[in-house]
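In what follows, a single structure is set out as structure tokens and then discussed.
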Amino acid sequence: MLDAARECVLAYGVRRTTLTDVARRAGVSRMTLYRGWPDVRSLVGDLMTREWTAVLDGLDLSDPVRAIVAGVRAMRAHPLWRKIVEADPELLLPYLLDRRGGTHEAILAALEPAAGSPAQARALLLVAQSFLISAPTMLGPVTLDELDAELTLLLERYLSPSTPESP
230 MLDAARECVL
240 AYGVRRTTLT
250 DVARRAGVSR
260 MTLYRGWPDV
270 RSLVGDLMTR
280 EWTAVLDGLD
290 LSDPVRAIVA
300 GVRAMRAHPL
310 WRKIVEADPE
320 LLLPYLLDRR
330 GGTHEAILAA
340 LEPAAGSPAQ
350 ARALLLVAQS
360 FLISAPTMLG
370 PVTLDELDAE
380 LTLLLERYLS
390 PSTPESP
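Position 90 of the sequence shown, counting from 1, maps to 319 under the numbering used here, and the rest follow consecutively.
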């Protein structure tokens with residue numbers, strides 16, 4: 230059913246996708262869908278979590294800097310992300326302003342051991358999220374590659390062990 234929802238969202242966008250469309254594409258009844266999801270937004274929420282935690286699962290977290298930059302790049306290229314940003318960006322607002330989603334929780338759980346503390350993991354997520362969401366507004370004359378290089382530098386400096394000052 231999530232695969233069918235993905236196909237519908239990619240074809241129509243979230244606003245134009247209905248549970249009837251998803252049920253038809255999945256080959257199930259609408260009632261079957263309603264047993265799992267009360268509406269399209271909750272179905273799409275689960276879809277986003279599935280798709281975006283799959284990006285996280287594909288990262289090598291032994292090097293958190295490389296993993297974060299690779300994750301930002303992978304998300305920028307992800308077809309579902311691109312479609313939502315293009316057609317239905319308001320869908321992202323609750324996750325930016327009001328609450329954490331399942332993907333946020335998964336990322337925090339993965340980052341905390343590498344970051345060293347819950348506060349640092351949250352700071353890393355906020356920085357990565359800002360580079361993911363706002364980088365396109367900063368292009369020209371700067372490229373995405375140059376911004377990603379700056380993200381790398383920023384993360385390396387943030388995560389490097391501080392050296393005690395000489396007396």
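For glycine and all other residues, C-beta sits at the position ideal for the given N, C-alpha and C.
CB contact flag (residue i, residue j, <8 angstroms)
{"i": "V251", "j": "L272", "result": "yes"}
{"i": "L355", "j": "A364", "result": "no"}
{"i": "W281", "j": "T332", "result": "yes"}
{"i": "R351", "j": "L368", "result": "no"}
{"i": "M304", "j": "L361", "result": "yes"}
{"i": "R254", "j": "C237", "result": "yes"}
{"i": "L340", "j": "L325", "result": "no"}
{"i": "A343", "j": "L380", "result": "no"}
{"i": "L322", "j": "I313", "result": "no"}
{"i": "G345", "j": "G274", "result": "no"}
Three-state class that DSSP yields for residue i in the structure shown
{"i": "H307", "result": "coil"}
{"i": "R264", "result": "helix"}
{"i": "G175", "result": "Absent from the structure is residue 175, since the part of the chain shown begins at 230 and ends at 396."}
{"i": "R328", "result": "coil"}
{"i": "V257", "result": "coil"}
{"i": "G287", "result": "coil"}
{"i": "G369", "result": "coil"}
{"i": "P390", "result": "coil"}
{"i": "R244", "result": "coil"}
{"i": "M230", "result": "coil"}
{"i": "D374", "result": "helix"}
{"i": "D250", "result": "helix"}
{"i": "D275", "result": "helix"}
Buried/exposed call for residue i, threshold 16 Cβ in 10 Å
{"i": "S395", "result": "Caution applies to S395, whose pLDDT of 49 falls short of 50 and renders its modelled position unreliable; the model cannot decide the point."}
{"i": "V243", "result": "buried"}
{"i": "A283", "result": "exposed"}
{"i": "A378", "result": "exposed"}
{"i": "T366", "result": "exposed"}
{"i": "T246", "result": "buried"}
{"i": "R235", "result": "buried"}
{"i": "A233", "result": "buried"}
Rounded Cβ spacing between residue i and residue j (contact assumed at less than 8 angstroms)
{"i": "L288", "j": "G300", "result": "5 angstroms"}
{"i": "V187", "j": "M230", "result": "With the chain covering only 230 through 396, there is no way to say anything about residue 187."}
{"i": "L262", "j": "L248", "result": "5 angstroms"}
{"i": "A335", "j": "L285", "result": "6 angstroms"}
Inset, instruction - Evaluate the contact criterion for the stretch 275-294 versus the stretch 368-387: three or more CB pairs, one atom per stretch, below 8 angstroms. - result: yes
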